[in-house]
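**Q** Read top to bottom, the protein sequences are chains A and B.
Residues 0 to 95 in numbering that gives the first Met the number 0 are what the first sequence lists, from first letter to last.
Residues 0 to 200 in numbering that gives the first Met the number 0 are what the second sequence lists, from first letter to last.
Ideal Cβ placement from N, Cα and C applies to all residues, glycine included.
Right, I'll just put the structure down here and ask away after.
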Amino acid sequence: MNRMQRNDNVGNARNCMDRLDLLRAIDFAIQETVLYLDAYPHSQEALTYYHQLIKQREEIMTHYEQSCGPITMYGNRSKTSWDWISEPWPWEPSAN
Amino acid sequence: MWTYEKKLQYPVKIKNPNPKLAQVIISQLGGPDGELAASMRYLHQRYSMPYREVTGILTDVGTEELAHLEMVAAILYQLTRNLSEQEIEGSPFATYFVDHTTGLYPVAASGVPFDMKYVGVKGDVIADLNEDLAAEQKARVTYDNILRLTDDPDVRDPIKYLRQRELVHYQRFGDALRIAQDNLDSKNFYAFNPSFDRKTK
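Here it is as structure tokens:
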């Protein structure tokens, strides 16, 4: 069952795409902050920002994985189906 | 995309440096049946796989191979720490040292730099999975040969772990080949069916 089939209306599938965009955005912000912190490990300002982002990510990630499928091999939330392989692969047009 | 986890899959703690041994183990970094070739092979084959189970196995084994690449690197790093000039001079490691000092550059034990020629991607599920089964066995033999060349328990322990993983991957690729063959046309008992000509399910 893929993400499109599971959500029996287009609105919910759209919702997963929107959540994925949100996850990508927060992950990009974390990536940039981490690169900065690697170079400037004593920046308290950057470290505070990092913690804000991590907190937001946890929430976004939980919502995404619960309703749209796993992002990592540790994130298959379903107790009854192995969604890790049934969801579209990231290079498939339907995953983007 | 990938993210990095700051831990080895299995610990590496080597007390005694041994550049001569590093010079042979480096083949599992950049040699024909090494971990870099393994990872590149599986992670590039997965795009043309018509079955989701097989794509999953290639993704997850290919990712685990990157963890093995790091373990081999950790073994090499620890075997080449704090070397004196005397330990390098006259050792087979000297020819590597002159070009790379103690930096980790993926080469085969023979000194040939890593080459994507070690990696087969045919775009055909049967051809590629048979390549993978052979690759796991070849890597297992390389680890067997390394074990024949050292008595050091600190080195043997993580090498034995890596060898065992080759056996497990061989089993999973065997499952993958069975899944692929179960999906072939029932009249096609010679196991051809070019992926290129088939509609993906």
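DSSP has V106/B in a bridge; who is on the other side?
**A** Its beta-bridge partners are P112/B.
**Q** Are the region 124–140 of chain B and the region 168–180 of chain B touching by the rule of at least three beta carbon pairs closer than 8 Å?
**A** Counting Cβ pairs under 8 Å, three or more are found: they touch.
**Q** Any beta-carbon of chain A closer than 8 Å to the one on G173/B?
**A** No, G173/B lies away from the interface with chain A (no Cβ there is under 8 Å from its Cβ).
**Q** Rounded to whole angstroms, what is the Cα-Cα separation between L148/B and I74/B?
**A** For L148/B and I74/B, the distance between alpha carbons rounds to 15 Å.
**Q** Run the CB neighbour count on R40/B, radius 10 Å, all protein chains shown included, and call it buried at 16 or more, exposed below.
**A** R40/B comes out buried.
**Q** Does L19/A come out as helix, strand or coil in the three-state DSSP assignment?
**A** Helix.
**Q** Taking only three categories from DSSP, how would you classify E86/A?
**A** In this structure, E86/A counts as coil in the three-state DSSP scheme.
**Q** Would S104/A count as contacting chain B if we go by Cβ distances under 8 Å?
**A** Shown here, chain A extends from 0 to 95; a query on residue 104/A therefore has no answer.
**Q** How many angstroms separate the CA atom of R171/B from the CA atom of M48/B?
**A** Going by the C-alpha atoms only, they are around 15 Å apart.
**Q** Between which two residues does the alpha helix (DSSP H) harbouring K19/B extend?
**A** Looking at the DSSP string, the run of the alpha helix (DSSP H) that includes K19/B is P18 to I24.
**Q** Which of the three DSSP states, helix, strand or coil, is assigned to P91/B?
**A** Reduced to three states, the DSSP call for P91/B is coil.
**Q** Since I believe H168/B is in contact with E130/B (beta carbons under 8 Å), could you give me their beta-carbon distance rounded to a whole number of angstroms?
**A** The Cβ separation is near 13 Å, so there is no contact.
**Q** Of the residues A24/A, Q30/A and N75/A, which one's Cα is nearest the Cα of T2/B?
**A** Comparing Cα-Cα distances from T2/B to each of A24/A, Q30/A and N75/A, the minimum goes to Q30/A.
**Q** Whose Cβ in chain B lies nearer than 7 Å to the Cβ of M72/A?
**A** The answer, in chain order, is D59.
**Q** Determine the burial state of L57/B: buried for a count of at least 16 other Cβ atoms within 10 Å of its Cβ, exposed for fewer.
**A** With 16 or more other Cβ atoms within 10 Å, it is buried.
**Q** At 8 Å on the CB atoms, spell out the chain B contacts of I84/A, in chain order.
**A** Here the neighbours are R51, E52, T54 and G55.
**Q** For a contact meaning CB atoms closer than 9 Å, what does Y46/B contact in chain A?
**A** Ordered by position in chain A, the residues that pass the 9 Å Cβ test against Y46/B are W88 and W90.
**Q** Looking at C-beta atoms only, is the number of pairs between the region 30–37 of chain B and the region 67–84 of chain B that lie closer than 8 Å three or more?
**A** The region 30–37 of chain B vs the region 67–84 of chain B: in contact.
**Q** What are the start and end residues of the alpha helix (DSSP H) that includes G204/B?
**A** A query on residue 204/B cannot be resolved here, the shown segment of chain B reaching from 0 to 200 and no further.
**Q** Rounded to the nearest angstrom, what separates G68/A and N75/A at their Cα positions?
**A** Taking the straight line from one Cα to the other gives about 7 Å.
**Q** Going by beta-carbon coordinates alone, are G29/B and P91/B separated by less than 8 Å?
**A** Cβ distance not < 8 Å, so G29/B and P91/B don't count as in contact.
**Q** Among the candidates Y76/B, H99/B and L128/B, whose CA atom is the shortest distance from the CA of P16/B?
**A** It is Y76/B.
**Q** Looking at the secondary structure, which residues open and close the alpha helix (DSSP H) in which F172/B lies?
**A** Unbroken alpha helix (DSSP H) run through F172/B: P152 to D181.
**Q** Going by DSSP in three states, K14/B sits in which element: helix, strand or coil?
**A** K14/B falls in the coil class under three-state DSSP.
**Q** Going straight from the alpha carbon of Y73/A to that of W83/A, what length do you get?
**A** Their Cα atoms are separated by approximately 9 Å.
**Q** Which residues in the same chain as E64/B place their Cβ atom closer than 7 Å to its Cβ, once the five residues preceding and following it in sequence are excluded?
**A** These residues qualify, in order along the chain: E34, A37, S38 and Y41.
**Q** Hey, would you say I59/A sits closer than 8 Å to R18/A, going by beta carbons?
**A** Result yes, Cβ atoms of I59/A and R18/A sit closer than 8 Å.
**Q** Considering only the beta carbon of each residue, do L36/A and L46/A sit closer than 8 Å?
**A** Yes.
**Q** Drop a sphere of 10 angstroms on the beta-carbon of I25/B, count the other beta-carbons inside from all chains shown, and report buried for 16 or more, exposed for fewer.
**A** Answer is buried; the Cβ neighbour count reaches 16.
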